[in-house]
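Reviewing the structure listed below.
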Amino acid sequence: MKSSNGRPRGGGGGPESSVEKHEVHDPALAAGAATGHTRYDDPWYDALASGWGELDGTGTPAPAVPPAPRGEAGTARVADVYLEVQRSAAFREVRSRYRRFVIPGFAVFFSWYVGYVVTAQTAPGLMTRPVAGAVNVAMVAGLGQFLTTFVFTWAYARHARLRRDRAALDLRWDTQELTRGLRGGER
Amino acid sequence: MSGHHQALALLLFGVFVAITLTITTMVSRNRHGSAEEFYAGGRLFSPMENGFAIAGDYMSAASFLGVTGLIALFGYDGLLYVVGFLVAWLVVLFFVAELVRNCGRFTLADVIAARMSKRPVRIAAGASSVTVSVLYLVAQMVGAGSLVALLFGGTSTASHAWTVIVVGALMVIYVSLGGMRATTWIQIVKAILLLGGTVALTVLVLVRFHGDANALLRTAAERSGHGEAFLAPGLKYGGTWTARIDFISLGLALVLGTAGLPHILSRFYTVPTARAARRSVVWSVGLIGGFYLMTIVLGFGAAAVVGPDAVRESNAAGNTAVPLLALKLGGGADSTGGTVLFAMVAAVAFATILAVVAGITLASSAAVAHDLYASLRRPRAKPRSEVAVARAAAVGIGVVAIALGLLARDLNVAFLVGLAFAVSASANLPVLMYALFWRSFTTRGAVWAVYGGLVPALGLVLLSPVVSGSPGSLFPGVDFQYFPLQNPGIVSIPLGFLAGWLGTVTSAEPADEAKHAETEVRSLTGAGAV
Chain B
1 MKSSNGRPRG GGGGPESSVE KHEVHDPALA AGAATGHTRY DDPWYDALAS GWGELDGTGT
61 PAPAVPPAPR GEAGTARVAD VYLEVQRSAA FREVRSRYRR FVIPGFAVFF SWYVGYVVTA
121 QTAPGLMTRP VAGAVNVAMV AGLGQFLTTF VFTWAYARHA RLRRDRAALD LRWDTQELTR
181 GLRGGER
Chain R
1001 MSGHHQALAL LLFGVFVAIT LTITTMVSRN RHGSAEEFYA GGRLFSPMEN GFAIAGDYMS
1061 AASFLGVTGL IALFGYDGLL YVVGFLVAWL VVLFFVAELV RNCGRFTLAD VIAARMSKRP
1121 VRIAAGASSV TVSVLYLVAQ MVGAGSLVAL LFGGTSTASH AWTVIVVGAL MVIYVSLGGM
1181 RATTWIQIVK AILLLGGTVA LTVLVLVRFH GDANALLRTA AERSGHGEAF LAPGLKYGGT
1241 WTARIDFISL GLALVLGTAG LPHILSRFYT VPTARAARRS VVWSVGLIGG FYLMTIVLGF
1301 GAAAVVGPDA VRESNAAGNT AVPLLALKLG GGADSTGGTV LFAMVAAVAF ATILAVVAGI
1361 TLASSAAVAH DLYASLRRPR AKPRSEVAVA RAAAVGIGVV AIALGLLARD LNVAFLVGLA
1421 FAVSASANLP VLMYALFWRS FTTRGAVWAV YGGLVPALGL VLLSPVVSGS PGSLFPGVDF
1481 QYFPLQNPGI VSIPLGFLAG WLGTVTSAEP ADEAKHAETE VRSLTGAGAV
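Structure below.
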């Protein structure tokens, strides 16, 4: 169980735990931390979470979330945190970096794939044109699909690693810090 | 085929079953029956392990036997399939893997229900997940039954029935006793076996042609009797415009369907973070891409070495191309090498089917227990009982799959797989994309998106030539065929997106802005992810 909620800071949060940036950057987010003492509410911790609080496979204690009744106020406050984070410049930057990569990327590979399939079905003459030896345009296009898939996979992984991971992780800790702050009141 | 093949193949397969049962008992010892453990294997697999497991889940017997057979018989048209199967992973990587890992817990419905009123959305998404899984499962069961008949020469109903029952019983044991942890290790072992077998055969094919791909292609084209046309599209799907549009429809279903397959989505929950989910997709793209490149070599190799006529004589659909190729490459039917290679391929094919059905059974039992049962049960049931329900659901799904596998024994395997992909792309993908990316998506939109894709996809198949009105259909005697295509994707996928949009714009309640913010922040940052 890899929840980072309720887990001590830096206590084995997966491969990313080596990153040590924990401070809140955005003034709006920092302000959110002051909203105080209401309860933590989260659909992921609701009654469907069977087995919650048991020992997991590694024998480390799972975070125990007290199944206390939740007030409307608590829900609203946590929702405010997410709205604040969503409006923050840091989050909008992560989101736009993600979108600026995947939307053009999808447009390119999807139209290249659909174009390939449609051409294969509608223009057999073009596809049979020889290129070298027994290899024809169809074969080159098919292997080209393999190649572009590998290249897009590599490019996406690289883009995510260099352009998004660090910022997203900072936001993750900041957001969790804010929501933890809300729960912190009851502890 | 002599008795040696059968004995050796059965022995190798027995070894695989023994190993996997050992894995199951070992990993299920000292485990607490938590949902985290049962559905997600404790979420502590490494990206490499999960990448192998994803590849194991995805490389089904339909690819290993079916696609190579298609290439051996129809040349380039078989290659079009594998391109679709591979490019689909870009959709998974770009839009699904990380975001689903960040937002969900165990199933597809978790991601959608986070923003919506839970009950109707969970029931809808659970129902479509179970439908997709059962279709996929029946395809694999039918494939297992046919494989036995093909490899061991037993055409009797009894041998087919026993194979389906044994496969069904084994998959229920794996899943209900071992949960996700055992299923994952079985996938990993199977992926290594399958890749090992494929590499060995590919090397033998290339050695036979002295590493000259040109010679391989030319020989294949010559022996096919079609000449240059064998190396270009059109032999299988050319001809009428209906057939061409049918293939385009299948191509869309393949490339968009993978991202909605429940057993693929559930694999992303077995790693600790979204970053690990991304890295496991990178691993699996490498493994799956390599595998499909090799199946192309094997398909053309079978055409060149065995010849399409011999392949067709053994099985009209071409499913025995790779076993026959193995026999020939090893030195012929009476040689030791041929016997060993043939038995190895047969055992690998069985292992493949067994592992894939285990993965699907687990995903569908999660949908039954976590989505359907949890939404429909008494409100104050004990939380612990969900895993017990999932185990029972695995048994129930096993029984249903065995029964349908026996009933549907004459259905075409590739068609069933294509249908599962089409239903997945029509019912699961639109709702998932809207829930992750559309600010004003509402509960009604979500429910409409699921049913608006699911019902047309299934309805169009009922009205298609697959079910009635043509000599090869399920009920050739009657004719209620009103839809010309075999694969409904080209109509039902847009309908799924359209229904989701329509449901959203017509719904009275506005979308919950805060819930959307939460989903968006969670999906891109991983805040609060389990």
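Going down the list, the protein sequences come from chains B and R.
Letter 85 of the first sequence, counting from 1, is numbered 85 in the numbering used here, and no numbers are missing.
So the mapping is simple: the numbering used here equals the position in the second sequence, first residue as 1, plus 1000.
Backbone N, C-alpha and C fix where the C-beta goes; we use that ideal spot for every residue, glycine too.
In this text, all values refer to a predicted model and were calculated from it rather than measured experimentally.
Does any residue of chain B have a CB that is nearer than 9 Å to the CB of M1001(R)?
What you label residue 1001(R) is simply residue 1 of the second sequence in a count that begins at 1. In this predicted model, M1001(R) has a pLDDT of only 48, less than 50, meaning its place in the structure is not dependable enough to derive any value.
Which of helix, strand or coil DSSP assigns to V1467(R):
Along the second sequence, read from residue 1 onward, the residue named residue 1467(R) stands at position 467. Coil, per DSSP.
Please report the distance separating the alpha-carbon of S1473(R) from that of E1520(R).
For the purposes of this step, residue 1473(R) is taken as the residue at position 473 of the second sequence. For the purposes of this step, residue 1520(R) is taken as the residue at position 520 of the second sequence. Taking the straight line from one Cα to the other gives about 46 Å.
Buried or exposed, going by whether 16 or more other CB atoms sit within 10 Å of the CB of G125(B)?
Sequence index remark: in the first sequence, residue 125(B) carries index 125 (1-based). By the 10 Å Cβ count, G125(B) comes out exposed.
Can you tell me which of the three DSSP states A104(B) falls into?
Taking the first residue of the first sequence as 1, we reach residue 104(B) at position 104. Note that residue 104(B) is Pro in the sequence shown, not Ala. In this structure, P104(B) counts as helix in the three-state DSSP scheme.
Write down the C-beta distance between I1504(R) and G1445(R) rounded to the nearest angstrom, noting that I regard them as a contact closer than 8 Å.
As a working mapping, residue 1504(R) is identified with position 504 in the second sequence. As a working mapping, residue 1445(R) is identified with position 445 in the second sequence. The residue you asked about is not Ile; residue 1504(R) is Thr in the sequence shown. The Cβ separation is near 3 Å, so the contact holds.
Would you mind sorting M139(B) into buried or exposed? The rule is 16 or more other CB atoms within 10 Å of its CB.
If you number the first sequence from 1, residue 139(B) lands on position 139. It is buried - the Cβ of M139(B) has at least 16 other Cβ atoms within 10 Å.
Where L1147(R) falls, given that 16 or more other Cβ within 10 Å makes a residue buried
The residue labelled residue 1147(R) in the question sits at position 147 within the second sequence. Burial call: buried.
For the region 1217-1228 of chain R, list every residue whose C-beta sits within 7 Å of some C-beta in chain B, in sequence order.
L1217, R1218, A1221 and E1228
C-alpha distance - L1341(R) paired with F1094(R), whole-angstrom precision:
What you label residue 1341(R) is simply residue 341 of the second sequence in a count that begins at 1. What you label residue 1094(R) is simply residue 94 of the second sequence in a count that begins at 1. Those two C-alpha atoms are separated by around 39 Å.
Could you confirm whether any beta carbon from chain B is found closer than 9 Å to the beta carbon of N1214(R)?
For the purposes of this step, residue 1214(R) is taken as residue 214 along the second sequence, with counting starting at 1. N1214(R) counts as touching chain B.
List the residues of chain R whose Cβ lies closer than 8 Å to the Cβ of L162(B), in chain order.
In the first sequence, counting from the first residue as 1, residue 162(B) sits at position 162. Within 8 Å Cβ-Cβ: nothing; L162(B) doesn't reach chain R, min ~12 Å.
For F1441(R), return the contacting residues in chain B, with the cut-off set at a CB-CB distance below 9 Å.
Here residue 1441(R) refers to the residue found at position 441 when the second sequence is read from its first residue. Correct list: empty, because the minimum Cβ distance to chain B is about 15 Å.
Per the contact definition of three or more C-beta pairs closer than 8 Å, is the region 1486-1497 of chain R in contact with the region 1249-1266 of chain R?
yes
Classification of Y1482(R) by the beta-carbon crowding that lies within 10 angstroms, buried from 16 upward:
As a position in the second sequence, residue 1482(R) is number 482, starting the count at 1. Looking at its Cβ environment, which holds fewer than 16 other Cβ atoms inside 10 Å, Y1482(R) is exposed.
Grab the span of the beta strand (DSSP E) containing V1087(R) for me, first residue to last.
The residue labelled residue 1087(R) in the question sits at position 87 within the second sequence. Segment Y1076 to V1091 is the alpha helix (DSSP H) holding V1087(R); no beta strand (DSSP E) there.
CB contact flag (L1135(R), L1354(R), <9 Å)
The residue labelled residue 1135(R) in the question sits at position 135 within the second sequence. The residue labelled residue 1354(R) in the question sits at position 354 within the second sequence. Not closer than 9 Å, so no.
Name the chain B residues that come within less than 7 Å of R1278(R), Cβ to Cβ?
For this step, residue 1278(R) is matched to residue 278 along the second sequence. Near R1278(R) (Cβ distances below 7 Å), the residues of chain B are A157 and A160.
Of the choices T175(B), A155(B), W173(B) and V137(B), whose alpha-carbon is the least far from that of Y98(B)?
In the first sequence, the residue the question calls residue 98(B) occupies position 98. For the residues T175(B), A155(B), W173(B) and V137(B), the minimum Cα distance to Y98(B) belongs to A155(B).
Using alpha carbons as the reference points, say which of F1291(R), A1009(R) and I1019(R) lies closest to A1200(R).
Within the second sequence, the letter at position 200 stands for residue 1200(R). Here the closest residue by C-alpha is F1291(R).
Under 8 Å Cβ to Cβ from P1233(R), same chain only, skipping five residues before and after it: list those, please.
Residue numbering aside, residue 1233(R) sits at position 233 when the second sequence is read from its first letter. Around P1233(R): Y1076, D1077 and L1080.
Give the residues of chain R in contact with Q124(B), contact being defined as C-beta atoms less than 8 Å apart.
The residue given as residue 124(B) occupies position 124 in the first sequence. With the sequence shown as reference, residue 124(B) is identified as Pro, and Gln is not the correct amino acid for it. Chain R residues near P124(B): A1232, P1233, G1234 and G1238.
Under the DSSP definition of a beta bridge, which residues are partnered with V135(B)?
The residue labelled residue 135(B) in the question sits at position 135 within the first sequence. Bridge partners of V135(B): A132(B).
DSSP state of F1045(R) mapped onto helix, strand, coil
Looking up residue 1045(R) in the second sequence gives position 45. F1045(R): coil per DSSP, three-state reduction.
Whole-angstrom C-beta distance between A1220(R) and V1450(R), which should lie under 8 Å:
Here residue 1450(R) corresponds to residue number 450 of the second sequence, with the count starting at 1. Here residue 1220(R) corresponds to residue number 220 of the second sequence, with the count starting at 1. V1450(R) to A1220(R), Cβ: 44 Å. No contact.
Leaving out five residues on either side along the sequence, give the residues of the same chain with a beta carbon under 6 Å from the beta carbon of G1225(R).
Against the second sequence, residue 1225(R) aligns to sequence position 225. Contacts found: none.
Quick check on the DSSP output: the alpha helix (DSSP H) that includes F1291(R) runs from which residue to which?
In the second sequence, the residue the question calls residue 1291(R) occupies position 291. Element bounds for F1291(R): A1274 to V1305.
Mapping DSSP to helix, strand and coil, what is D41(B)?
Taking the first residue of the first sequence as 1, we reach residue 41(B) at position 41. Note that D41(B) scores a pLDDT of 40, beneath 50, so its modelled location is shaky; the value from the coordinates is reported in the next line. Looking at D41(B) - three-state DSSP - the assignment turns out to be coil, as it is neither helix nor strand.
Quick one: measure Cβ to Cβ for P1430(R) and F1497(R), integer angstroms, because I've assumed they're closer than 8 Å.
Along the second sequence, one-based indexing puts residue 1430(R) at 430. Along the second sequence, one-based indexing puts residue 1497(R) at 497. Sure, about 5 Å apart at Cβ, within 8 Å.
Are the Cβ atoms of Y1373(R) and A1040(R) separated by less than 9 Å?
On the second sequence, residue 1373(R) is found 373 positions in, with the first residue counted as 1. On the second sequence, residue 1040(R) is found 40 positions in, with the first residue counted as 1. Going by C-beta atoms, Y1373(R) is not nearer than 9 Å to A1040(R).
Does the Cβ-Cβ distance between T1273(R) and R1101(R) come in under 9 Å?
Residue 1273(R) sits at position 273 when you count from the first residue of the second sequence. Residue 1101(R) sits at position 101 when you count from the first residue of the second sequence. Yes, the pair counts as a contact, with Cβ atoms nearer than the cut-off.
So that I know if they touch, is there some Cβ in chain R lying closer than 9 Å to that of V114(B)?
Mapped onto the first sequence, residue 114(B) falls at position 114. Yes - at least one Cβ of chain R is within 9 Å of the one on V114(B).
What is the residue span of the alpha helix (DSSP H) that W1501(R) lies within?
Indexing the second sequence from 1 puts residue 1501(R) at position 501. First-last of the alpha helix (DSSP H) with W1501(R): G1489 to T1506.
When you compare the CB positions of A1390(R) and A1425(R), do they come within less than 9 Å of one another, or not?
In the second sequence, residue 1390(R) corresponds to position 390, counting from 1. In the second sequence, residue 1425(R) corresponds to position 425, counting from 1. Contact: no.
Which residues mark the beginning and the end of the alpha helix (DSSP H) in which M1171(R) is found?
One-based indexing of the second sequence puts residue 1171(R) at position 171. Where M1171(R) is concerned, the enclosing alpha helix (DSSP H) stretches over T1157 to R1208.
Just to make sure I have the definition right: I need the residues of chain R whose C-beta is within less than 9 Å of the C-beta of R77(B). Which are they?
For the purposes of this step, residue 77(B) is taken as the residue at position 77 of the first sequence. None at all; the shortest Cβ gap to chain R is about 10 Å.
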